[in-house]
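Only one structure is covered here, and it is reproduced in the block below.
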Amino acid sequence: MSKLPRFATFGNELYTGKRSYPFVPKAKLWFMIAAAAVILSILIPVAKGGFNLGIDFRGGSEFTVSGAANTDISAGEEAVGEVASEARITNIAPGTVRVQTEQLSDDQTLEIKDNLAQAYDVEADQVTSTFIGPTWGQDVSRQALIGLIVFVALAAVLMALYFRTWKMSVAAITALLVVMVTTAGLYSLSGFEVTPSAIIGFLTVLSYSLYDTVVVFDKVRENTKNLDKSTKRTFMEQVNLAVNQTLVRSINTSVVAVLPVASVLFIGAFLLGAGTLKDLSLALFIGIILGTVATVFIAAPMYAWLRRNEPEIVRQAKRVKERRAQEAKEAAAAAPAGTAEVSAGS
Amino acid sequence: MPRTGPGSAAKKTLLWLGVIFAALALLLGGGSMWSNASWTPKLALDLEGGTEMILAPKVQGGADITQEQLDQAVEIIRQRVDGSGVSEAEITTQSGRNVVVSLPGVPSAETRQLIQASAQMEFRPVLTIAAGGPVETPLPEEQLPQPAGEPANASDDNWITPELYREFESTDCTDPATLEASTEAAPADQPLITCEPSTGAKYILGPVEVPGSNIADATFGLSTSSQGASINEWGVNIEFNGEGTQVFKGVTERLFAFQQGDPHNQFAIVLDGQVISAPTVQGVITDGKPRITGNFTQESAKALSEQLKYGALPISFDIQSEQQVSATLGADQLKMGLIAGVIGLALVAVYSLFQYRALGFVTIISLVVAGLLTYLAICLLGWSQNYRLSLAGVAGLIVAIGQTADSFIVYFERIRDELRDGRGLVSAVDNGWKRAKRTVLASKAVNVLAAVVLYFVAVGNVRGFAFTLGLTAIADLIVVFMFTHPTMVLLARTKFFGEGHKWSGLDTTRLGAVPLYRGAGRIREPGTAPVRTKNKAASKEAERRMTIAERRAAEKQESMAGSGPSTEKEG
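So the protein sequences, as listed, match chains A and B.
In terms of the UniProt record's numbering, the first sequence has 181 at position 181, counting the first letter as 1, and numbering is strictly consecutive.
In terms of the UniProt record's numbering, the second sequence has 15 at position 15, counting the first letter as 1, and numbering is strictly consecutive.
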């Protein structure tokens with residue numbers, strides 16, 4: 001409980017600018033790290049020989065035995081062996097066994113169902129079967145890809161209209177792409193199967209990542225609104241201040257967004273093991289954290305960087321510099337003792 | 001002074017929210033009393049147990065599929081499934097391509113076949129007709145038809161091989177099992193042994209001459225006599241397309257040459273491998289608009305015309321995926337999903353209390369209100385739109401907890417920022433809201449956009465997920481605007497929050513706020529540094545505290561509040 005004052009103080013200091021993290025000044029470093037992460041995320045799946053595609057993408061038959069007292073794999077192998085040549089049998093949760101085979105005919109499916117029910121000593125209705133055509137996953141991914149493109153295009157337009165600058169839009173989309181690629185990379189690294197549920201997760205990450213960026217950019221816009229009339233801070237400094245000022249919010253929102261997802265992930269992965277919840281939540285878990293990080297380290301610095309050479313921005317920065325030099329001179333004349341602090345502060 | 005203004009407006013808004021809730025609850029209550037609405041959401045098959053089949057169209061030559069064709073397919077499949085006695089089947093289309101069939105329980109092999117069988121309509125010439133039952137005394141070996149050579153046309157008896165004839169003899173059209181089995185049509189270029197369920201007759205038919213896709217339209221109506229007067233005889237009018245007209249002309253020319261009474265004079269309309277009608281040819285049809293008459297009632301004429309029209313689908317389907325979910329597995333998953341949701345909610349609650357102290361309760365209650373609103377909406381949509389909650393939908397709801405809490409955080413942080421600038425809580429809430437409102441709207445717009453795009457583009461359980469995401473985003477907006485903000489306005493007027501009790505989460509000393517009012521009647525100009533006199537570095541810090549815009553807004557606020565001259569500085 002004693003943490004609150006400290007966290008509040010942290011927030012206060014970020015707000016006033018007393019404490020400041022160099023998100024914008026160190027932009028090049030963050031971009032380099034992001035580029036490295038993107039390259040790694042592309043290389044990892046390649047090195048691993050592609051993603052671990054789920055049955056939805058390969059096509060095949062899947063059986064799930066639930067409520068089995070004994071989840072011995074060999075019993076399943078025996079039960080399937082007579083009918084299907086190749087089977088992947090995994091114990092996915094307590095009392096639950098999953099069997100994946102190549103595509104089977106109706107008769108074969110029924111036979112395996114019976115065999116499995118016998119092998120694991122469960123009622124026939126506790127063995128479920130799924131048959132998935134090999135094109136199903138391709139359909140899902142194609143539609144997902146269309147969804148992705150449509151969404152990114154619409155969101156880009158929406159943001160450009162809302163913020164009235166295409167550069168914010170570009171910065172947000174760039175950060176979004178970094179999030180997408182690195183999320184995919186980390187997902188591949190985890191070895192989890194890529195299923196339609198995981199794809200849902202990816203698509204949701206899109207929405208979350210942009211949501212987060214919009215909140216931060218709103219503050220950036222507010223801070224940089226009357227820039228031409230101000231010589232207090234340069235554009236870069238204003239953007240950096242905005243990011244720092246919203247940092248507490250960014251941390252809080254991502255924690256709050258991640259907590260339920262983590263709870264689903266935990267329950268999904270360790271207690272349930274079944275597809276939808278687990279795959280979805282892992283993609284979300286990675287994506288939400290990366291989405292927040294990318295907003296702070298990439299989107300905002302990218303925006304500042306995109307505008308760095310605009311004549312107005314350059315002129316304003318010059319004015320700020322002149323004013324500071326002037327003030328430093330005055331200060332030096334009035335109170336020589338204070339100069340050290342001034343130069344440290346600027 | 002402000003008690004009558006924003007305070008009563010806030011109360012009014014809360015009242016309106018209450019009205020919305022009451023209206024939704026009444027609607028649902030009324031629905032459950034007088035209709036089939038339920039106080040619990042409808043569950044999708046993955047939670048309730050059952051079978052879901054996704055049928056993908058088999059398209060030749062990459063042809064496009066129109067929505068109309070899909071709707072027809074859905075209609076045909078629905079008729080078949082209903083006809084087979086399966087209740088509560090749901091047949092829908094998906095992303096403009098696929099047909100999704102959801103059935104409770106595990107479908108029998110017959111039902112599965114019925115669904116899978118392509119809705120193929122064909123016109124085949126009749127070669128032989130016999131009564132439905134198996135022949136008791138088969139033809140002796142030497143009397144079996146022997147093909148003299150390659151068949152010259154579709155009506156040629158040379159299609160009938162001894163094996164085919166033996167099979168024909170043993171076919172039993174009086175056995176329902178045979179009727180079901182014969183839904184698998186023979187290849188188009190092969191003869192077909194089949195039954196006519198309505199008459200019980202059995203046939204040997206020649207190869208397909210006109211596929212159903214050549215039917216442009218089919219209608220039914222009363223016949224007209226040669227004088228143009230309507231006579232009391234129902235008939236079915238077929239209209240072929242250009243290709244069909246050409247082919248059908250040739251067919252009628254050939255068939256008309258046979259005598260009346262000769263089976264070869266008839267052609268059979270075959271739907272899904274079964275004969276639905278086998279009219280005789282009474283003339284050469286050159287205009288592609290044959291009319292079928294004879295012993296029709298209005299109903300049977302209508303049925304045949306619909307079968308012709310809707311059965312004439314140029315698409316047939318493949319089962320792309322078939323999923324059977326046992327009710328126990330679904331119940332397990334739902335239970336686990338709900339547990340995950342409760343844990344997630346509890347974690348969010350604990351974190352909010354930790355971060356925002358008493359204000360955390362506002363978050364928690366807002367989440368509960370949003371949850372109730374979503375729940376009512378889901379139940380209502382289940383009733384009116386047959387919306388069913390899937391596991392992906394449940395996941396969407398859980399994920400939404402965090403996203404909903406996000407808007408409160410955006411709002412609270414804004415209030416805190418305003419407090420840090422030295423405002424009193426009442427004006428901090430007002431100002432914070434003005435800014436937070438815009439941010440919340442913009443960011444939620446992104447969420448809703450994503451949900452809408454996903455819903456319309458994506459397939460399968462992605463839709464359920466997208467739907468709940470969109471629904472919760474809207475519920476969130478309603479709650480933030482109609483509950484959280486009014487509540488904050490009212491709370492800001494309480495002693496506990498207004499005076500910044502250290503457990504209120506709005507403790508100004510903890511927030512490092514420098515009050516505008518500095519005591520003894522002195523008021524600090526907002527944004528100016530009370531510490532200016534101390535050192536230069538601190539004044540820099542103070543500069544950063546407020547942008548020009550903020551200062552202007554603050555000044556405006558200050559002068560509007562009428563709290564005296566704002567020029568006096570701390571000495």
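Don't be surprised by glycine CBs; every beta carbon is placed ideally from N, CA and C.
Looking at residue i: is its Cβ nearer than 9 Å to the Cβ of residue j?
i	j	result
alanine 117 of chain A	valine 99 of chain A	no
isoleucine 285 of chain B	methionine 53 of chain B	no
valine 220 of chain A	alanine 294 of chain A	no
phenylalanine 467 of chain B	glycine 402 of chain B	no
glutamine 324 of chain B	serine 129 of chain A	yes
glycine 184 of chain A	serine 41 of chain A	At residue 184 of chain A the sequence reads alanine, which differs from the glycine that was named. For alanine 184 of chain A and serine 41 of chain A, yes; Cβs fall inside 9 Å.
asparagine 52 of chain A	isoleucine 73 of chain A	no
glycine 54 of chain A	alanine 198 of chain A	yes
tyrosine 356 of chain B	valine 350 of chain B	no
glycine 337 of chain B	isoleucine 267 of chain A	yes
isoleucine 112 of chain A	phenylalanine 63 of chain A	yes
alanine 119 of chain A	alanine 79 of chain A	yes
isoleucine 398 of chain B	serine 263 of chain A	yes
valine 489 of chain B	alanine 9 of chain B	yes
Using the beta-carbon of each residue, which ones in chain A are nearer than 7 Å to residue i?
i	result
glycine 337 of chain B	Leu277
threonine 328 of chain B	Ser66, Gly67 and Gln126
valine 348 of chain B	Val256, Leu259 and Pro260
According to DSSP, is residue i helix, strand or coil?
i	result
asparagine 214 of chain B	helix
tyrosine 120 of chain A	coil
isoleucine 193 of chain B	strand
phenylalanine 168 of chain B	helix
serine 427 of chain B	helix
glycine 18 of chain B	helix
valine 106 of chain B	coil
leucine 177 of chain A	helix
isoleucine 132 of chain A	strand
aspartate 72 of chain A	coil
arginine 438 of chain B	helix
leucine 139 of chain B	coil
alanine 257 of chain B	coil
glutamine 143 of chain A	helix
glutamine 103 of chain A	coil
glutamate 111 of chain A	helix
glycine 221 of chain B	strand
aspartate 272 of chain B	coil
List, in chain order, every chain B residue whose beta-carbon is nearer than 7 Å to that of residue i.
i	result
asparagine 252 of chain A	Gln355 and Ile409
aspartate 228 of chain A	Neighbours of aspartate 228 of chain A on chain B: none; closest Cβ ~10 Å, over 7 Å.
Output the boundary residues of the beta strand (DSSP E) element that contains residue i.
i	result
tyrosine 203 of chain B	201-205
glutamate 122 of chain B	121-130
threonine 165 of chain A	It is not in any beta strand (DSSP E) - threonine 165 of chain A carries neither H nor E in the DSSP assignment.
residue 587 of chain B	The question about residue 587 of chain B has no answer, for chain B in this structure spans 1 to 571.
asparagine 158 of chain B	Note, asparagine 158 of chain B: premise wrong, no beta strand (DSSP E); not H, not E.
List the endpoints of the continuous alpha helix (DSSP H) containing residue i.
i	result
isoleucine 39 of chain A	27-47
So with CB distances below 8 Å, who are the chain A contacts of residue i?
i	result
alanine 340 of chain B	Pro260, Ser263, Val264, Phe266, Ile267, Gly268 and Leu277
Taking C-beta pairs closer than 8 Å, name the residues in chain B that residue i reaches, listed in chain order.
i	result
arginine 249 of chain A	Ile409, Val410 and Glu413
alanine 155 of chain A	Val446, Leu449 and Ala450
Run through chain B and tell me which residues come within less than 9 Å of residue i, C-beta to C-beta.
i	result
valine 215 of chain A	Asp406, Val410, Thr439, Val440, Ala442 and Ser443
valine 150 of chain A	Val453, Phe456 and Val457
Strictly below 9 Å CB to CB, what residues from chain A border residue i?
i	result
glutamate 122 of chain B	Under the 9 Å cutoff, chain A gives no residues; its nearest Cβ is about 25 Å from glutamate 122 of chain B.
Quick one: list the residues of chain C neighbouring residue i, beta-carbon separation under 9 Å, in chain order.
i	result
glycine 81 of chain A	Among the chains of the structure shown, chain C does not appear; the protein chains present are A and B.
*Count the CB pairs spanning the stretch 246-254 of chain A and the stretch 154-167 of chain A that are closer than 8 Å, and state whether there are at least three.*
With the cut-off at 8 Å, the stretch 246-254 of chain A and the stretch 154-167 of chain A do not touch.
*Taking one C-beta from the stretch 286-298 of chain A and one from the stretch 376-395 of chain B each time, how about it: are there three or more such pairs within less than 8 Å?*
With the rule of 3 Cβ pairs closer than 8 Å, the stretch 286-298 of chain A does not count as touching the stretch 376-395 of chain B.
*Three-pair Cβ contact test at 8 Å for the stretch 478-488 of chain B versus the stretch 357-374 of chain B*: Flag = yes, the stretch 478-488 of chain B and the stretch 357-374 of chain B touch.
_Is it the case that the stretch 411-428 of chain B contacts the stretch 63-79 of chain B, given that we only count it when at least three CB pairs across the two stretches are under 8 Å?_
Touching, no.
_the stretch 186-202 of chain B in contact with the stretch 159-174 of chain B per 3-pair CB rule at 8 Å_ = Contact between the stretch 186-202 of chain B and the stretch 159-174 of chain B is present, with at least three C-beta pairs closer than 8 Å.
*Do the stretch 299-308 of chain B and the stretch 32-48 of chain B meet, that is, are 3 or more Cβ pairs less than 8 Å apart?*
Segments in contact, no.
_Given 8 Å, three or more beta-carbon pairs between the stretch 101-121 of chain A and the stretch 139-159 of chain A_ = Too few Cβ pairs lie closer than 8 Å, so no.
*Can you find at least 3 beta carbon pairs, one from the stretch 249-267 of chain B and one from the stretch 278-295 of chain B, that sit closer than 8 Å?*
Verdict: yes, contact present.
*the stretch 234-252 of chain B / the stretch 206-220 of chain B touching (three or more Cβ pairs under 8 Å)*: Proximity of the stretch 234-252 of chain B to the stretch 206-220 of chain B meets the contact definition, three or more beta-carbon pairs being nearer than 8 Å.
*asked:* With three or more beta-carbon pairs closer than 8 Å as the criterion, would you say the stretch 142-162 of chain A touches the stretch 441-456 of chain B?
replied: Short answer: they touch.
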